[in-house]
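Residue numbers (my numbering): 90 to 225. Note sheet for the following structure.
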Amino acid sequence: MRKKVTIEVDIDTEKPGTTGMQGNLATPNLIKIEVRKDAGSFPHDTPEGSLAHELGHAIATIFNLPEFRDDPRTSTNRDTLRYRMYGPDSDMAQRVYNHEKLAWDFARVMLPGMDQREVEDSLRDYRRDIKTGGDR
Ligand SMILES: [Zn+2]
Numbered sequence: 090m091r092k093k094v095t096i097e098v099d100i101d102t103e104k105p106g107t108t109g110m111q112g113n114l115a116t117p118n119l120i121k122i123e124v125r126k127d128a129g130s131f132p133h134d135t136p137e138g139s140l141a142h143e144l145g146h147a148i149a150t151i152f153n154l155p156e157f158r159d160d161p162r163t164s165t166n167r168d169t170l171r172y173r174m175y176g177p178d179s180d181m182a183q184r185v186y187n188h189e190k191l192a193w194d195f196a197r198v199m200l201p202g203m204d205q206r207e208v209e210d211s212l213r214d215y216r217r218d219i220k221t222g223g224d225r
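Below is the structure:
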C-alpha cells in the first residue's frame, strides 16, 4: 500500500461555525479539519477532544473503513442526496452512529484521559435519531 494524504487542521474557537472534516472527491488526498466555536457547544466539549474525534474520521476516511463507506453523509455514497434532503431514516441513522462511534473510539486512543461525558454528549443525539428515524 502506498498513500500520501495531507491533513490540514484549522483551529479557531472564536470563529462561529461547525467543527468538522471535509474530504473532497476532487482532492481525495487533502483532508481539511476545522475546529470552531461550536466545539464548546456541549458543557464538556474541548477543542482537543473535537480535533481527536475529527482525526478519527480522517483515519476512517484514509483507510476507507466500512463505517466510513456506509455513512450516508460521505460524498461517494449514493444515500447522500436522500440523507441531505430528507434526513436519516433509522437505518441511515444507525450507519451515521457507527461512524461517529468509531471516530470517538479513535479519539479515546489519542486522548486516553479525555472526559467521557464529551463522548456521551455527542453520541446521544445520534442514538436518538436511530430510535426516531430522524424525526425531530
Ligand atoms: Zn463526527
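Backbone N, C-alpha and C fix where the C-beta goes; we use that ideal spot for every residue, glycine too. None of the values given here were measured: they were computed from a predicted structure.
Cβ shell of residue i (< 6 angstroms), same chain only, five flanking positions each side left out
i, result
"Asp218", "Pro177 and Ala182"
"Gly145", "Ala192, Phe195 and Ala196"
heavy atom of ligand 1 below 7 angstroms from residue i C-beta
i, result
"Ala115", "no"
"Glu207", "no"
"His133", "no"
"Ala192", "yes"
"Glu156", "no"
"Glu230", "Summary: the structure shown does not reach residue 230, with the chain confined to residues 90 through 225, and so no result is reported for it."
Own chain partners of residue i with C-beta closer than 7 angstroms, once the 5 adjacent residues on each side are dropped
i, result
"Glu156", "Ala149, Asn187, His188 and Leu191"
Inter-residue Cα distance where the pair is residue i and residue j
i, j, result
"Asn153", "Gly112", "12 angstroms"
"Tyr175", "Thr169", "10 angstroms"
"Lys121", "Asp99", "8 angstroms"
"Met203", "Gly138", "7 angstroms"
"Phe131", "Ala115", "33 angstroms"
"Thr95", "Arg184", "26 angstroms"
"Asp208", "Asp101", "Before going further, note that residue 208 is Val rather than Asp in the sequence given. Roughly 21 angstroms separates the two Cα atoms."
"Ile151", "Leu140", "16 angstroms"
"Pro136", "Met90", "32 angstroms"
Close-in-space but distant-in-sequence residues of the same chain around residue i (CB under 8 angstroms, 5 per side omitted)
i, result
"Thr107", "Glu123, Arg125 and Asp127"
Residue i, buried or exposed, once every other Cβ within 10 Å from all chains shown has been counted against 16
i, result
"Met110", "buried"
"Val198", "exposed"
"Pro201", "exposed"
Worksheet item: Could you give the uninterrupted runs of the beta strand (DSSP E) lying entirely in the stretch 97 to 174, keeping only those of 3 residues or more?
Response: 109 to 113 and 116 to 124
Worksheet item: Which runs of the alpha helix (DSSP H) spanning at least 4 residues fall entirely within the stretch 174 to 213, listed in chain order?
Response: 179 to 199
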